[in-house]
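What follows is one structure encoded as structure tokens, with my remarks underneath.
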Amino acid sequence: MKKQDGNNVGSVTHHASRFTHRASRITGSDIAVKIENMRRTFGAFVAVDNISLEIKKGEIFGFLGPNGAGKSTTIRMLCGLLMPSGGSGTVGGLDIAKNPEGIKRIVGYMSQRFSLYDDLTVEENINFFSGVYNVPKEKKLERKEWVLDMAGIADRRGSLTRDLAGGFKQRLALGCAILHEPPILFLDEPTSGVDPVSRRNFWHLIDDMSQAGRTVFVTTHYMDEADYCDRLALIYRGRIIAEGTPSELRHEYMKRDVLELEVDRVVEAMDVLSKSGIDAAIFGSTLHITVESESTGRQQITAALEASGIKVKGCEKIVPSLEDVFVTLIEVS
Amino acid sequence: MRLIRIKAVTKKEIIQIRRDPLSLAMAFLLPALLIFIYGYAVTFDVDKITTVIYDMDKSSVSRELIDQVSQSGYFAIVAYLDQHEEIDAYLDKGNAQVAIAIPVDFSKRVRTGRDARIEVIIDGSNSNTATIAQGYINAIAETFPQRILGSGSRITPLIDSRNRVWYNTELKSRNFIIPGLIAVIMAVIIALLTSMTVAREWDRGTMEQLISTPVKPVELVIGKLIPYFIIGFVDTVLSILISVNLFGVPLRGSFTLLLALSSIFLFGGLSLGILISIVARNQTVASQMAMLSSLLPAFLLSGFLFSISNMPGPLQIITYLIPARYFVTILKGIFLKGISIQFLLWEAVLLTIYGIAVFLLAVKKLRKRID
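Protein chains in written order, with this note's numbering: chain A, 737 to 1069; chain B, 1009 to 1379.
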């Protein structure tokens, strides 16, 4: 079943289509992560500025934002690696400020930078993390085989980790972070720097984790990955500027219309439009333009372009992509 | 504290050391190499002092004196000169350290029992060698008339002191330098070895993953200490074997006691390295800090070469804080004096306290946080 977008949202829905909508089986009272007015400053710099969130058990919660928006800082505070400068929060019912070590027992964390030992083999890395996570002896072998199988590297168990391709490394890192079967997972940009096919496979793994009842908190700066998530928060300059399901974000935050314009000379057309005060963004071979209303917008655009001799081949109202939403929200804030 | 986690950390460290040829070489070859080099290089024994002779007398008596000088074994005669001016050139260029000029009337004066003089010029730029050379020549000069004139000489010493040297009978400087050298080298090696372990994890980014796990600081520190303790222990055994077998330093006391006390020293030194690594968070800074904090005090303030009792008061007090000081005492005591534990109890206790204190500080400083 498709996510309830109601409209064609482009190629993204294509991968999202195999995901089932899980919102129905999440009951309101099971909260996995809850933070209130959390803040973190580094000197004068405010990295995270009073954010509040509630994440339900079993949810895939996407934390979206450009680089430097405060995603990693937030995730590190939630994992007990960084002390909040203010505010409060719980992870799995444990207080972030008071019991960070307790949190470390019940979460799995995958940091943004690949951080397994690249001078250890695949199997040695798994053995090490299964040791520090205190995986019971009788389960060790089973868990190891599970990770090798999940990451698809059973035949490379003896290879040095540094020799693995990016996608395999990523999956091994995920595997090592969940050897102890934590109920809550924090993944910091797990798909950055990985090829598109591996990225898609990785999201399938994340979906499997969620199916198994785990809560997944995942950050990304790839907007097209947002549709894999049950719920999203958009973070920009340390503040949450929007929150909701992907479809809520598209419809509720986007009061204005988005037009997709098909023209011959895209760059030239964008220049012409910006001279007449209309902001456009390039999407492939088309331009996306946010307008107050569809009909007046279309007239303005066509008039401006035809005055400069650029022929408008097509002008359609589309369902905004999350990138459109994000760009608009940033302009507003 | 869980054994399973300590074991996992230790195992991982061992694999990493094994795969890193550079750290392997540093761990096992460097100490042996240093003992070897320093054992040969650092010696205060003076022999084969380069010497030039300007003999104006050219008599059988003067030749006898020259023979005495050359046969003493301390002097190597490099040239016989014909002019006094040539002496300057030899000493200036450093081709000779000592010049002996024998005046024309030397033999006459010796035979008639008058004051016979020889001129001895010594290069004082190396004061240690100069002092010793002076001593040797004086000794030869004092007994020379007796030898020439026979037993009927009127020169007899007033006090006949019969000296006996204990512990290092032949007064070989090597015997007292090498045991102390083991302390200096081990102090540096073990601090350097462990100074990398935590800093490397920060540098490579693996620390972030590690501190997100439930592993406890004490487990991490113990887990990382174990493999380096084994290396340090092997190094100590190697150093002792080289000292005894290659340099012939006598090991008069108990080998087991020496190893037991060395282990206490190792524990403290390795903990210091880890502490530095934890505080520095950066391999370059950590290795420099480890080098400075181990080498300088161990070399200068341990009593290894420079006697602590000759130091100014405040400096003497500081030496009590240097663990190498106690280890030097232990090494010299067991090697040369063959003393047993009851004479080394104080050192053993202080080293233990030092080790535990540094270890606890390292555990406390290892905070599982990024900030």
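In this text, a Cβ means the ideal position worked out from N, Cα and C, and glycines have one as well.
Given residue i as reference, the closest of the options once Cα atoms are compared
{"i": "residue 1247 of chain B", "options": "B:1267, B:1058, B:1260", "result": "B:1267"}
{"i": "residue 1243 of chain B", "options": "B:1034, B:1144, B:1369, B:1363", "result": "B:1034"}
{"i": "residue 883 of chain A", "options": "A:988, A:894, A:915, A:839", "result": "A:915"}
{"i": "residue 926 of chain A", "options": "A:836, A:968, A:937, A:974", "result": "A:937"}
{"i": "residue 1000 of chain B", "options": "B:1333, B:1364, B:1251", "result": "Lying before the first or after the last residue shown, residue 1000 of chain B is absent from chain B, which here runs from 1009 to 1379."}
{"i": "residue 1291 of chain B", "options": "B:1310, B:1204, B:1116", "result": "B:1204"}
{"i": "residue 1040 of chain B", "options": "B:1345, B:1197, B:1079", "result": "B:1197"}
{"i": "residue 1299 of chain B", "options": "B:1344, B:1199, B:1129, B:1241", "result": "B:1199"}
{"i": "residue 873 of chain A", "options": "B:1012, B:1117, B:1226, B:1054", "result": "B:1012"}
{"i": "residue 1051 of chain B", "options": "B:1271, B:1270, B:1184, B:1227", "result": "B:1184"}
{"i": "residue 1017 of chain B", "options": "A:869, A:935, A:952", "result": "A:869"}
{"i": "residue 852 of chain A", "options": "A:769, A:913, A:983, A:1053", "result": "A:913"}
{"i": "residue 1093 of chain B", "options": "B:1085, B:1109, B:1048", "result": "B:1109"}
{"i": "residue 768 of chain A", "options": "A:839, A:785, A:834, A:805", "result": "A:839"}
{"i": "residue 1345 of chain B", "options": "B:1187, B:1128, B:1146", "result": "B:1187"}
{"i": "residue 1341 of chain B", "options": "B:1363, B:1372, B:1312, B:1329", "result": "B:1312"}
Enclosing alpha helix (DSSP H) for residue i [first to last residue]
{"i": "residue 788 of chain A", "result": "Run containing residue 788 of chain A: none in the alpha helix (DSSP H); it sits in the beta strand (DSSP E), 781 to 792."}
{"i": "residue 1072 of chain B", "result": "1068 to 1079"}
{"i": "residue 800 of chain A", "result": "That residue, residue 800 of chain A, is in no alpha helix (DSSP H); its beta strand (DSSP E) goes 796 to 800."}
{"i": "residue 773 of chain A", "result": "Unbroken run through residue 773 of chain A is the beta strand (DSSP E), 767 to 778; no alpha helix (DSSP H)."}
{"i": "residue 813 of chain A", "result": "807 to 814"}
{"i": "residue 1007 of chain A", "result": "1002 to 1011"}
Whole-angstrom C-beta distance between residue j and residue i, which should lie under 8 Å
{"i": "residue 846 of chain A", "j": "residue 931 of chain A", "result": "No, residue 846 of chain A and residue 931 of chain A are not in contact; Cβ-Cβ is about 18 Å, not under 8 Å."}
{"i": "residue 1355 of chain B", "j": "residue 1337 of chain B", "result": "5 Å"}
{"i": "residue 1182 of chain B", "j": "residue 1255 of chain B", "result": "6 Å"}
{"i": "residue 1280 of chain B", "j": "residue 1301 of chain B", "result": "7 Å"}
{"i": "residue 812 of chain A", "j": "residue 859 of chain A", "result": "About 29 Å; that fails the 8 Å criterion."}
Residue i classed as buried or exposed, judged by whether at least 16 other C-beta atoms fall within 10 angstroms
{"i": "residue 1150 of chain B", "result": "exposed"}
{"i": "residue 1014 of chain B", "result": "buried"}
{"i": "residue 880 of chain A", "result": "buried"}
{"i": "residue 781 of chain A", "result": "exposed"}
{"i": "residue 753 of chain A", "result": "Caution is warranted here: a pLDDT of 39 is assigned to residue 753 of chain A, below 50, making its placement in the model unreliable, and no coordinate value can be reported."}
{"i": "residue 1318 of chain B", "result": "exposed"}
{"i": "residue 1024 of chain A", "result": "buried"}
{"i": "residue 967 of chain A", "result": "buried"}
{"i": "residue 1174 of chain B", "result": "exposed"}
{"i": "residue 901 of chain A", "result": "exposed"}
{"i": "residue 1010 of chain A", "result": "exposed"}
{"i": "residue 1190 of chain B", "result": "buried"}
{"i": "residue 948 of chain A", "result": "exposed"}
{"i": "residue 1034 of chain A", "result": "buried"}
{"i": "residue 1257 of chain B", "result": "buried"}
{"i": "residue 783 of chain A", "result": "buried"}
{"i": "residue 1130 of chain B", "result": "buried"}
{"i": "residue 1079 of chain B", "result": "exposed"}
{"i": "residue 906 of chain A", "result": "buried"}
{"i": "residue 820 of chain A", "result": "buried"}
Beta-carbon neighbours of residue i, restricted to chain B and to distances below 7 Å
{"i": "residue 827 of chain A", "result": "Those within 7 Å of residue 827 of chain A in chain B number zero; the least Cβ separation is about 12 Å."}
{"i": "residue 841 of chain A", "result": "1222"}
Below-7 Å beta-carbon distance, residue i vs any chain D residue
{"i": "residue 902 of chain A", "result": "Going by chain labels, chain D is absent from the structure shown, which instead holds the protein chains A and B."}
Host beta strand (DSSP E) of residue i (start-end)
{"i": "residue 964 of chain A", "result": "Counting along the chain, residue 964 of chain A falls outside any beta strand (DSSP E), and DSSP gives it neither H nor E."}
{"i": "residue 997 of chain A", "result": "993 to 999"}
{"i": "residue 1314 of chain B", "result": "Taken as a continuous stretch (DSSP letters only), residue 1314 of chain B belongs to no beta strand (DSSP E), as it is neither H nor E."}
{"i": "residue 1052 of chain A", "result": "1048 to 1054"}
{"i": "residue 1024 of chain A", "result": "1022 to 1027"}
{"i": "residue 959 of chain A", "result": "From DSSP, residue 959 of chain A is part of no beta strand (DSSP E); its letter is neither H nor E."}
{"i": "residue 824 of chain A", "result": "822 to 827"}
{"i": "residue 1128 of chain B", "result": "1127 to 1130"}
{"i": "residue 1221 of chain B", "result": "Run containing residue 1221 of chain B: none; DSSP gives neither H nor E here."}
{"i": "residue 1017 of chain A", "result": "1016 to 1019"}
{"i": "residue 978 of chain A", "result": "975 to 980"}
{"i": "residue 1059 of chain B", "result": "1057 to 1063"}
Chain A contact residues for residue i, given Cβ-Cβ distances below 8 Å
{"i": "residue 1216 of chain B", "result": "817, 847, 849, 851"}
{"i": "residue 1180 of chain B", "result": "The contacting residues do not exist; residue 1180 of chain B stays about 46 Å from chain A at best."}
Listed by chain order, chain B residues near residue i by CB distance under 9 Å
{"i": "residue 907 of chain A", "result": "Here the premise fails: no neighbours, minimum Cβ distance about 15 Å."}
{"i": "residue 856 of chain A", "result": "1020, 1023, 1024, 1027"}
{"i": "residue 837 of chain A", "result": "1222, 1224, 1376"}
Partners in chain A for residue i, counting only beta-carbon separations shorter than 7 Å
{"i": "residue 1012 of chain B", "result": "867, 870"}
{"i": "residue 1213 of chain B", "result": "849, 851"}
{"i": "residue 1219 of chain B", "result": "817"}
Residue i Cβ short of 6 Å to the ligand GDP heavy atom set
{"i": "residue 1066 of chain B", "result": "With respect to the ligand GDP, the structure offers nothing, as it holds no ligand at all."}
Amino acids of chain A, ordered along the chain, whose beta-carbon sits closer than 9 Å to that of residue i
{"i": "residue 1378 of chain B", "result": "812, 817, 818"}
{"i": "residue 1015 of chain B", "result": "867"}
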